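Residue numbering for the first sequence follows UniProt numbering, starting at 1 and increasing by one per position. Beta carbons are placed, not taken as given, at the ideal position from N, Cα and C, and that holds for glycine. Remember, predicted model here, so these are calculated numbers, not experimental data. Presented below is the structure to which this report refers.
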Amino acid sequence: MRGFLAQDPSQEPVILFRKLVRDKFPKPNSFTLAFVLKCCSILVAFKEGRQVHKHAIASGLVGNTFVQTSLLNFYTKCEKMELGRQVFEEITDKSVAAWSAVIGGCSRVGMVNEAMELFREMQRTGVKPDERTVVSVVSACAVSGALDLGRWLHAFIDKKAIKNDLRVSTALVNMYSKCGCIEKAREIFETIPFKDAKAWTTMIMGFAINGLSEEALNTFGRMAEAGVEPNNVTFIGVLSACAHGGLISEGKKCWSGMLDSGIEPSMEHYGSMVDLLCRTNQIAEAYEFVESMPIAPNPAIWRIILVCCKNNKMMDYVEVPAKQLLALEPLNAENYILLSRLYASCSKWGKMSDVRRQMRDRGIKAVPGCSAIEIEGHMHEFVMGKWSHPEAKDIREVILEVSERVHEFGHQPWIAAILQNVGDAEKQEALWEHSERLAIAYGLLKTKAPVVIRVVKNLRVCVDCHEVTKTISRLYDREIVVRDRVRFHKFVDGACSCRDFW
DNA sequence: CTAGGGTTAG
């Protein structure tokens with residue numbers, strides 16, 4: 001089993017374990033279980049791992065510390081946090097590995113407050129974090145965009161003399177990039193003496209999501225000069241940098257370079273390429289590219305095509321993608337909303353109401369927009385239209401004041417962004433309940449200039465929020481950084497770093 | 001003789 005684990009991921013250890021159990025001889029010991037559980041976590045084989053857990057209970061091996069940590073890691077890799085926590089609570093003498101595993105689990109599913117709390121509790125109980133622990137907790141900050149916590153951890157690493165090895169540095173580069181501090185990310189990156197493919201890729205990704213496409217390409221060039229082989233993920237970074245920057249010929253060059261180096265394009269690569277063609281409005285070529293793909297396009301690719309049709313108010317390439325999309329994902333609200341807006345943009349009102357009716361009949365509810373802001377080391381979440389925050393009353397007052405000033409300034413609300421069947425006044429009000437505005441209002445309430453207001457959002461920003469945020473940055477003389485699902489927007493003095501291209 | 005936790009993804 002150990003031999004198979006040292007090679008590419010495979011089912012073999014699980015198959016061997018089954019045979020061992022069937023033969024009833026020899027009896028598996030804690031080493032055996034650790035190996036087979038490792039295999040289950042790599043494969044995310046939930047059912048198989050559960051069987052092993054049962055076996056561990058029956059054989060009494062469940063009390064072994066290695067078996068426990070292996071089980072814990074297995075559940076967190078399957079994103080079964082409740083089951084993982086159960087195993088964790090049962091461990092009497094929690095090792096640094098156990099703490100790291102549970103913190104890493106929280107981090108992967110974006111539970112940053114929980115990850116931080118566990119990190120503090122770990123130290124309270126006298127267990128010293130090591131490199132692997134801090135990588136997990138720094139990564140939690142990256143996922144959620146918690147810059148202050150990330151900075152605190154960076155200082156902690158320096159102070160506690162935790163070895164700033166390649167992986168710790170890479171995690172810090174990633175954290176600063178994902179928090180919009182690209183210069184800090186670059187600074188740390190440059191101090192890494194021997195950069196591996198992951199470090200290079202992380203830096204390239206960082207430049208890409210921060211809108212520095214040329215820097216991403218430069219870094220890719222330096223990586224080649226350094227003789228580090230790019231991998232499939234590197235190309236996702238480079239291609240998405242080209243897409244965000246509208247760098248069409250560079251993107252095509254990267255694509256053929258990738259094929260030359262023998263990397264087989266995955267769905268993500270095709271997606272980036274379609275994105276690149278669509279952002280530069282080459283819809284015909286994009287559609288042709290999709291038709292030539294050797295694998296069946298996934299919903300994300302069809303959505304890119306349809307967004308492009310919507311932006312160009314064009315019906316020529318809608319039929320097949322629309323049909324495919326609803327066939328592949330009949331329960332995803334995002335698809336119905338996109339199609340409805342697309343038909344509206346082309347004034348196909350009949351088709352628009354068809355889609356809306358379909359959505360209603362199937363009882364599909366839209367995923368609400370959700371934005372978070374970090375205040376005093378805690379992430380505060382805001383959901384569109386929800387006023388459940390303890391300080392909701394104060395936030396509402398800020399919103400009222402801001403909306404008045406923004407409208408006085410001459411802002412025309414983009415009510416086309418609202419689909420509901422309500423009057424224009426209600427539509428305007430609904431816009432002011434968009435989650436990022438609640439988060440920004442909370443930032444205005446709790447912080448003062450020159451503190452940057454940093455917001456992380458689960459969806460993309462809408463046109464109206466983008467305009468309003470530009471205006472707020474000027475009227476209130478505040479720098480506002482919004483990380484949306486795909487990239488950063490840095491608003492300073494009435495303008496955005498994306499130059500209105502996102 | 002062999003075992004547990006780590007970073008990148010449209």
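Output yes or no for whether 8 Å exceeds the beta carbon distance between residue i and residue j.
i, j, result
"G369", "K457", "yes"
"L339", "V320", "no"
"E479", "V452", "yes"
"T234", "A197", "yes"
"A216", "A241", "yes"
"L342", "K365", "no"
"W152", "V127", "no"
"M273", "W255", "yes"
"I373", "G271", "no"
"N218", "F488", "no"
"V481", "K470", "no"
"F17", "V44", "no"
"I399", "W432", "yes"
"F468", "H380", "Strictly speaking, residue 468 in this sequence is Val, with Phe absent from that position. Result no, Cβ atoms of V468 and H380 do not sit closer than 8 Å."
"I337", "N312", "no"
"L475", "V367", "no"
"A101", "T69", "yes"
"G105", "S144", "no"
"L328", "P299", "yes"
"F25", "E12", "no"
If you follow the alpha helix (DSSP H) that residue i is part of, which residue opens it and which one closes it?
i, result
"A185", "I182 to T191"
"C370", "No alpha helix (DSSP H) contains C370, which is instead part of the beta strand (DSSP E) from C370 to I375."
"R222", "S213 to E225"
"F35", "S30 to L43"
"H389", "From DSSP, H389 is part of no alpha helix (DSSP H); its letter is neither H nor E."
"V452", "That residue, V452, is in no alpha helix (DSSP H); it is neither H nor E in DSSP."
"F25", "Neither: F25 is in no alpha helix (DSSP H) and is coded neither H nor E."
"E89", "M81 to E90"
"M122", "V112 to R124"
"E229", "Run containing E229: none; DSSP gives neither H nor E here."
"K351", "W349 to D361"
"E264", "Unbroken run through E264: none, as it is neither H nor E."
"R108", "V96 to R108"
"Y343", "A333 to S345"
Starting from the Cα of residue i, find the closest Cα among the options and give me that residue.
i, options, result
"F119", "R108, V96 and G110", "V96"
"I162", "G150, T133, S139 and A142", "T133"
"L331", "L276, R362, K323 and I305", "R362"
"K393", "I375, R405 and L438", "L438"
"K80", "L306, R460, S249 and F46", "F46"
"A277", "S371, D316, L247 and H466", "The residue you asked about is not Ala; residue 277 is Leu in the sequence shown. It is L247 whose Cα lies nearest to the Cα of L277."
"M384", "E436, W414 and Q428", "E436"
"V62", "L328, P28 and C39", "P28"
"Q51", "L328, N281, I188 and L33", "L33"
"Y176", "F189, N164 and L166", "F189"
"L172", "F156, G150, K160 and K159", "G150"
"W200", "P230, G180, Y336 and K184", "P230"
"Y287", "K184, H269 and D316", "D316"
"R483", "E12, G180 and Y336", "G180"
"K38", "V367, M267 and K77", "K77"
"K94", "G3, K470 and Q123", "Q123"
"N174", "I204, G251, V14 and S10", "I204"
"K253", "R460, F31 and F220", "F220"
Mind checking residue i: buried by the 16 CB within 10 Å criterion, or exposed?
i, result
"S473", "buried"
"A58", "exposed"
"N73", "buried"
"L239", "buried"
"F501", "exposed"
"P265", "buried"
"R357", "exposed"
"V463", "exposed"
"R454", "buried"
"G227", "exposed"
"R360", "exposed"
"A495", "exposed"
"K178", "buried"
"T202", "buried"
"S10", "exposed"
"L459", "buried"
"K427", "buried"
Tell me where the beta strand (DSSP E) around residue i begins and ends.
i, result
"H466", "Where H466 is concerned, there is no enclosing beta strand (DSSP E), although the alpha helix (DSSP H) it sits in stretches over V463 to L475."
"residue 509", "In the structure as shown, the chain starts at 1 and stops at 502, and residue 509 therefore has no counterpart that could be examined."
"E329", "Note, E329: premise wrong, no beta strand (DSSP E); not H, not E."
"V492", "F488 to V492"
"residue 517", "The requested residue 517 does not occur in the structure, where the chain is confined to residues 1 to 502."
Please indicate yes or no: does the CB of residue i lie closer than 7 Å to some heavy atom of the ligand MG?
i, result
"L37", "Among the ligands in the structure shown, none appear at all, so the ligand MG cannot be discussed."
> If we count Cβ pairs, one from each stretch, closer than 8 Å, do we get three or more for the segment 300-308 versus the segment 269-284?
Replying inline: yes
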